[in-house]
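So the sequence shown is numbered by UniProt numbering: it starts at 1 and just counts up by one.
Here a beta-carbon is modelled for each residue, glycine too, at the ideal position from N, C-alpha and C.
Since the structure is predicted, the reported quantities are computational estimates derived from the model, not experimental observations.
Here's the structure we're looking at; comments come further down.
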Amino acid sequence: MLMKVLVVDDTNTDRLLLKLHLTKLDYEVIEASNGQEAIDQFMAHSQDLDLILMDVQMPKMNGFEAVKAIREIQEIKKQEWLPIIFLSASAEESDVEEGILVGGDDYLIKPISQKVLSAKMLAMQRIADMRRRLAESILVLEELASTDHLTGVANRRAFEVMLEREMTFTRQYGKPLACAIFDLDKFKAVNDTFGHDAGDAVLVDIVERIKSILGESGIIGRLGGEEFGIILPNICEEDAPSAFERYRCIVEEKPVIHKGRNISITTSIGVASFKGGREQKQTLLKRADEALYEAKDTGRNKVIY
Ligand code: GH3
Ligand code: MG
Ligand code: MG
Ligand code: MG
1 MLMKVLVVDD TNTDRLLLKL HLTKLDYEVI EASNGQEAID QFMAHSQDLD LILMDVQMPK
61 MNGFEAVKAI REIQEIKKQE WLPIIFLSAS AEESDVEEGI LVGGDDYLIK PISQKVLSAK
121 MLAMQRIADM RRRLAESILV LEELASTDHL TGVANRRAFE VMLEREMTFT RQYGKPLACA
181 IFDLDKFKAV NDTFGHDAGD AVLVDIVERI KSILGESGII GRLGGEEFGI ILPNICEEDA
241 PSAFERYRCI VEEKPVIHKG RNISITTSIG VASFKGGREQ KQTLLKRADE ALYEAKDTGR
301 NKVIY
């Protein structure tokens, strides 16, 4: 892939020479002739910029100041690592030191040998590739660590993180939320009668039904076995029971069909509302769990609040 390099230098001949050299080496070059222009070019190309070569002595805004500003923008926008090499006529130790301190990754002294520059750019590219691969792996791992393998929804850990987030939002903005735990009724009998495969298919089918009425802001997670959690942001205490009644109905509504056999299933749902305040996630879940137990104890296939 073509590497995109921003060359910043106020001296036209320096800039042109660099551009000529880099183009020959098959780099795509964009230019800036002062610090402010460098920031503008960085902003315009930050999506696909691979490297910045930055002169230090320039009028108005020098290279150090420009790099400081660029690093601040990257920090705010949480952008991935972008290597910056200073190219300067000053060999002062304090300048080299300052260049690295303001966020440069290397500091080369002019006049610059083309061989050395190419080699340094290669080294930067290597580190950038490594960091990109690492970031991608972390994303994949995070996804794996937060997803339930069978149904593809959030696992308990991820569900609790989202619940925490929604509760914080409720505390700050006063928007209520309703939380529920539901557990399939007599699910062991499904496994015993139709086999474990059929049980798995029931879990997948029920999750799909729930997702179909969950809406944009609703959240579902598998808490374990045949037990799931649902968060409905913006549902107040009075509306919660009827909201979850829809979920109970959609499970009962029609049997799951697996290998030509009809598997009827129902669910019991325990609901707890949150209006803000100091209550913590664990006690909210405990209230929902207690309501669920009451639903089981009093005949199953019902919503208890
Ligand atoms: P209750 O109405 O009281 O909830 O009864 P139940 O039979 O649903 O509850 P119980 O806890 O006795 O049994 C749950 C069963 O769910 C036992 C377990 O083997 C089964 N199960 C848990 N996870 C899975 C899974 O991923 N796939 C399948 N097929 N079965 C599972
Ligand atoms: Mg200069
Ligand atoms: Mg059950
Ligand atoms: Mg259970």
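- Of the other Cβ atoms in all chains shown, 16 or more fall within 10 Å of the Cβ of E166; this residue is therefore buried.
- Each residue's CA atom was taken as its position, placing G103 and S90 some 18 Å apart.
- As for any beta strand (DSSP E) of minimum length 3 sitting wholly inside the stretch 229–266, the runs are 256–258, 261–263, ordered along the chain.
- K175 sits in coil when the DSSP states are folded into three classes, being neither helix nor strand.
- Judged by DSSP in its simplified three-state form, Y305 adopts coil rather than helix or strand.
- Spatial neighbours of M162 in its own chain (CB-CB distance under 6 Å, excluding positions within 5 residues in sequence) are listed in chain order as I219.
- For K188, the three-state secondary structure derived from DSSP is helix.
- Taking 3 residues as the shortest admissible run, the UniProt domain "Response regulatory" (4–125) contains the following complete beta strand (DSSP E) segments, listed from N- to C-terminal end: 4–8, 28–32, 51–55, 84–88, 106–109.
- Around the beta-carbon of C179, 16 or more other beta-carbon atoms lie within 10 Å, marking it buried.
- Of all C-beta pairs linking the stretch 176–194 to the stretch 249–266, three or more are shorter than 8 Å, placing the two stretches in contact.
- Note on R131: under 16 other CB atoms within 10 angstroms of its CB, so exposed under the neighbour-count rule.
- Counting only the Cα atoms, R15 lies some 7 Å from V8.
- DSSP places T151 in the coil class of the three-state scheme, outside both helix and strand.
- Per the DSSP secondary-structure output, D183 pairs in a beta bridge with E227, S268.
- Setting aside the 5 residues that flank it on each side, L25 is surrounded in the same chain by S118, each with a C-beta closer than 7 Å to its C-beta; the list follows chain order.
- Within the same chain, V56 come within 6 Å of S88 by CB-CB distance, once the 5 residues on both sides are set aside.
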